[in-house]
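Numbering (the numbering used here), first residue to last: 33 to 459. These notes concern the structure reproduced below.
Pasting the structure below:
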């Protein structure tokens with residue numbers, strides 16, 4: 033695996049565009065210094081140094097959109113390290129320009145202004161982009177809420193991406209955040225039907241794939257996504273995403289939305305059982321996963337006599353307790369196998385709201401409960417949260433005039449409610 037230490041890259045003679053081929057003015061590859069280094073285990077890293085002069089020349093192009101690029105057509109590369117001098121990055125920033133690095137592994141677009149936000153490049157320093165094909169064997173399956181693992185087809189080699197500054201042979205990482213939007217990834221030439229392909233990031237700490245929101249590129253040949261962590265990222269296809277018993281179901285699209293995000297699975301490869309009732313344990317596991325909460329395993333227990341910490345939902349219950357999402361069905365019982373009621377689900381959703389960074393929900397308006405003839409059946413401990421989820425559009429009445437607080441919740445209803453919650457905050 034290539035490293036990104038501060039040591040200078042191997043040197044090579046400048047590489048010019050092949051003779052006879054017209055040069056795109058936005059292509060900064062002409063004059064780039066390109067070299068390769070192969071480690072004893074056979075891993076090849078390609079080093080690319082883009083000059084400030086090449087960037088300056090490209091910025092003279094008359095087109096309004098300053099989208100510069102460098103393309104490396106090297107099918108043997110296991111990693112690419114691109115360096116741009118401080119002067120070149122400042123030229124890009126001042127021109128509100130971007131620089132895209134096109135490789136066989138992934139295309140990465142650098143938004144110079146965002147990339148330099150909160151980062152200073154001293155004279156003589158360089159901005160470095162590191163792209164690495166991970167050699168790790170990552171699972172081609174994903175589990176969701178305790179159900180059987182979902183097979184997945186990996187379409188692209190998983191790739192790690194990060195940026196750093198280099199000065200006096202010392203490298204310092206540049207933090208990647210969702211707010212900065214400094215790097216945009218693109219996987220192209222995907223072999224499957226585009227409507228079945230999504231981008232995922234492997235979370236090593238949680239040992240699971242995590243869905244990454246993406247959009248089709250301009251010509252429909254690939255997917256674009258923001259790079260907010262190092263990754264690794266890959267384009268995947270969920271093998272059993274559509275179910276025979278959800279075709280035409282009122283919740284079909286929302287169930288598919290949740291399946292794509294690996295938040296729910298089918299009961300089997302062909303069945304989801306949308307109208308089966310869901311238990312308190314199942315919904316707790318779904319909510320913990322939907323919130324992307326690291327599962328707690330601190331050995332302190334969960335306080336419930338009927339929850340075995342080693343059960344498939346044990347860690348999820350402990351996590352939910354630690355985050356204040358759940359309380360017991362009685363003083364020391366959780367009732368994991370009991371069907372979750374609509375008001376219990378509303379309370380758990382209401383307690384989850386403060387965990388989102390996107391802001392607080394509006395104050396609960398208890399007058400909303402008045403439209404339901406069975407509002408008196410809503411327990412006092414649930415009224416505020418029921419009002420909140422109604423006001424936020426996360427839950428609705430079972431009919432125009434009834435809420436059915438003690439009604440049981442189906443798998444479809446749970447999927448729809450969590451989808452509504454997450455879509456309010458998904459970027």
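Ideal placement from N, C-alpha and C gives every residue a C-beta, glycine not left out.
Rounded C-alpha distance that separates residue 327 from residue 103: 42 Å
Given that a residue counts as buried once 16 or more other Cβ atoms are within 10 Å of its Cβ, and exposed if not, what is residue 337? exposed
Which residue from 360, 154, 207 puts its Cα closest to that of residue 201? 154
Could you check whether residue 241 and residue 268 sit closer than 8 Å to each other, using their CB atoms as the reference points? yes
Measure the alpha-carbon distance for residue 37 versus residue 284 and round it to whole angstroms. Since pLDDT at residue 37 reaches only 49, below the 50 mark, its modelled position is unreliable, and the value read off the structure follows with that caveat. Cα to Cα, the separation comes out at about 49 Å.
Under 6 Å Cβ to Cβ from residue 49, same chain only, skipping five residues before and after it: list those, please. Because the pLDDT of residue 49 is 46, which lies under 50, any placement of that residue in the model is unreliable, and the number read from its coordinates should be weighed accordingly. 55, 62, listed in sequence order.
The segment 300 to 318 / the segment 243 to 251 touching (three or more Cβ pairs under 8 Å): no
DSSP three-state call for residue 320: helix, strand or coil? helix
From what residue to what residue does the alpha helix (DSSP H) around residue 126 run? 118 to 126
Is the CB-CB distance between residue 162 and residue 263 below 8 Å? no
Helix, strand or coil for residue 377? Go by DSSP, reduced to three states. helix
Between residue 107 and the rest of its own chain, which residues show a CB-CB distance below 7 Å, the 5 nearest in sequence each way excluded? 136
Please name the residue in 266, 261, 156 whose C-alpha comes closest to that of residue 218. 266
Could you check if residue 177 is buried or exposed, using at least 16 other CB atoms within 10 Å of its CB as the buried criterion? Annotation note: pLDDT 49 at residue 177 (below 50); position unreliable, coordinate value reported separately. It counts as buried.
Assess contact between the segment 93 to 102 and the segment 119 to 131, defined as three or more Cβ pairs (one per stretch) separated by less than 8 Å. Is contact present? yes
Bounding residues of the alpha helix (DSSP H) (the contiguous stretch that carries residue 351): 346 to 354
Out of 75, 426, 431, state which residue places its alpha-carbon closest to the alpha-carbon of residue 286. 426
Segment limits, beta strand (DSSP E) that includes residue 231: 229 to 235
Let me check understanding here. Comparing Cα to Cα, which of 301, 300, 321, 276 lies closest to residue 294? 321
Is residue 304 buried or exposed, if buried means 16 or more other CB atoms sit within 10 Å of its CB? buried
Taking a contact to mean a Cβ-Cβ separation below 8 Å, would you say residue 182 touches residue 281 in this structure? no
Taking Cβ to Cβ, would you say residue 378 is nearer than 8 Å to residue 432? no
For the beta strand (DSSP E) holding residue 163, just list the boundary residues, first then last. 158 to 165
Within 8 Å, strictly: CB atoms of residue 116 and residue 138: no
Between which two residues does the beta strand (DSSP E) harbouring residue 204 extend? 202 to 206
Status (buried if at least 16 other CB within 10 Å, exposed otherwise) for residue 233: buried
What did DSSP end up calling residue 186 once you bin it into helix, strand or coil? strand
Are there 16 or more other CB atoms within 10 angstroms of the CB of residue 68, so buried, or fewer, so exposed? exposed
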